[in-house]
């Protein structure tokens, strides 16, 4: 192995410094959160990628394992940081596992045309799929995030990471670009991320906090009190009239109904009602009505309840209900019936 150039050594050193900075920033507050743990694993795999030119040949199986896991870890990070549903899609989970296991198994097999296809080509396609799925998580849930500064920050962080990983995967798989080019991309990405993380308030990027309790209107002690209370009252009246039962409601449509700028409505729901996500706000109304109907209408099919509340499928209703109540609708109804039968 030829010795790395002085420029490569300098870029790698700067990159490692950025990684250390990010590890300290994330581990300090978020090591107990799953999204923080995934991000730290992503940084560890990136460290192996940066150090790879200096690693001995005997370490190749282990370094390849770490490097091939980067797209999978990126997808996991995006899914947990942005997705409304913590459950991992099984097909993508299988793809993620194969992108790591395939190249690792190839190291211990005799090379053949079929083996190269199954254990190298297929995993490389899977890497593109995982990067695309991660980036889609940003687009899919972009509008539902009510915290404007967090929305901008997460877009910057994940977009930089996604573009860097994608260009590096293309560079490695198609053989263009030198090691200097690949590590320069990583360095620039980490500098951008590091500068953003150091500027944000604590808990903003990885602050996946426990679910909010039932929100109550907060008291606003300033000149805007009356106007804000009027806006909150108008919002309350519109939701009480059943706006949340519409199929696929959006914050833009709701703002239009209220005659408010979208950013004002985001602020109302986030700062005064305690919700970070618009879908969570809508589901709060829906699930509260669902619990009432399941208690008071024991003969109404659960599918009818789901469709009446704006859910397009029974599975999406079951998932949203269980995330909030920690029971399926059927279990909730059966438990309610048992309490009523016993006189509770």
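In this note's numbering, the protein residues as written are 231 to 574. Every residue gets a Cβ at the ideal spot worked out from N, C-alpha and C, and that includes glycine. Keep in mind the model is a prediction, meaning the values are calculated, not measured.
Straight-line Cα distance separating residue j from residue i
{"i": "residue 527", "j": "residue 561", "result": "15 Å"}
{"i": "residue 256", "j": "residue 242", "result": "21 Å"}
{"i": "residue 346", "j": "residue 352", "result": "9 Å"}
{"i": "residue 368", "j": "residue 272", "result": "18 Å"}
{"i": "residue 371", "j": "residue 236", "result": "43 Å"}
{"i": "residue 321", "j": "residue 330", "result": "15 Å"}
{"i": "residue 449", "j": "residue 455", "result": "For residue 449, the pLDDT reaches just 49, beneath the cut-off of 50, and the residue's location in the model is therefore unreliable, although a value from the coordinates is still provided. Spanning the two alpha carbons is a distance of roughly 8 Å."}
{"i": "residue 458", "j": "residue 465", "result": "10 Å"}
{"i": "residue 467", "j": "residue 319", "result": "37 Å"}
{"i": "residue 525", "j": "residue 553", "result": "19 Å"}
{"i": "residue 405", "j": "residue 494", "result": "49 Å"}
{"i": "residue 229", "j": "residue 333", "result": "Shown here, the chain extends from 231 to 574; a query on residue 229 therefore has no answer."}
{"i": "residue 294", "j": "residue 354", "result": "13 Å"}
{"i": "residue 232", "j": "residue 402", "result": "Residue placement at residue 232 cannot be trusted, given a pLDDT of 45 that sits under 50; what the coordinates show is reported in the next sentence. One C-alpha to the other measures close to 18 Å."}
{"i": "residue 344", "j": "residue 298", "result": "20 Å"}
{"i": "residue 471", "j": "residue 463", "result": "12 Å"}
{"i": "residue 535", "j": "residue 461", "result": "30 Å"}
{"i": "residue 408", "j": "residue 350", "result": "21 Å"}
{"i": "residue 565", "j": "residue 312", "result": "33 Å"}
Endpoints, alpha helix (DSSP H) assigned at residue i
{"i": "residue 502", "result": "Element bounds for residue 502: n/a, residue is neither H nor E."}
{"i": "residue 496", "result": "492 to 497"}
{"i": "residue 352", "result": "352 to 370"}
{"i": "residue 278", "result": "264 to 281"}
{"i": "residue 317", "result": "Careful: residue 317 lies outside any alpha helix (DSSP H) and carries neither H nor E."}
{"i": "residue 480", "result": "Counting along the chain, residue 480 falls outside any alpha helix (DSSP H), and DSSP gives it neither H nor E."}
{"i": "residue 552", "result": "544 to 555"}
{"i": "residue 457", "result": "455 to 470"}
{"i": "residue 343", "result": "343 to 346"}
Cβ-based neighbour list, residue i, same chain, cut-off 6 Å, excluding 5 preceding and 5 following
{"i": "residue 244", "result": "417"}
{"i": "residue 296", "result": "275, 278"}
{"i": "residue 443", "result": "Confidence is the limiting factor: at residue 443 the pLDDT is only 42, short of 50, which leaves the residue's position unreliable and the question unanswerable from this model."}
Chain-order list of residues whose beta-carbon lies under 8 Å from that of residue i (same chain, five-residue window excluded)
{"i": "residue 361", "result": "301, 304, 305, 392, 395, 396, 399"}
{"i": "residue 310", "result": "264, 265, 268, 316, 438"}
{"i": "residue 348", "result": "332"}
{"i": "residue 488", "result": "461, 464, 465, 468, 495"}
{"i": "residue 492", "result": "481, 482, 485"}
7 Å CB neighbourhood of residue i in its chain, flanking five on each side removed
{"i": "residue 390", "result": "419, 422, 423"}
{"i": "residue 469", "result": "515"}
{"i": "residue 415", "result": "394, 397, 398"}
{"i": "residue 477", "result": "540, 542"}
Sub-8 Å separation of residue i and residue j beta-carbons
{"i": "residue 364", "j": "residue 325", "result": "no"}
{"i": "residue 474", "j": "residue 516", "result": "yes"}
{"i": "residue 484", "j": "residue 238", "result": "no"}
{"i": "residue 506", "j": "residue 386", "result": "no"}
{"i": "residue 510", "j": "residue 551", "result": "no"}
{"i": "residue 280", "j": "residue 246", "result": "yes"}
{"i": "residue 481", "j": "residue 381", "result": "no"}
{"i": "residue 512", "j": "residue 479", "result": "yes"}
Notebook entry, point to check: Any chance the segment 488 to 504 sits against the segment 523 to 542, with 3 or more Cβ pairs inside 8 Å?
Noted result: no
Next item on the list: Would you check if there are 3 or more beta carbon pairs closer than 8 Å linking the segment 279 to 286 to the segment 306 to 323?
Entry: No: the two stretches stay apart, fewer than three of their Cβ pairs being nearer than 8 Å.
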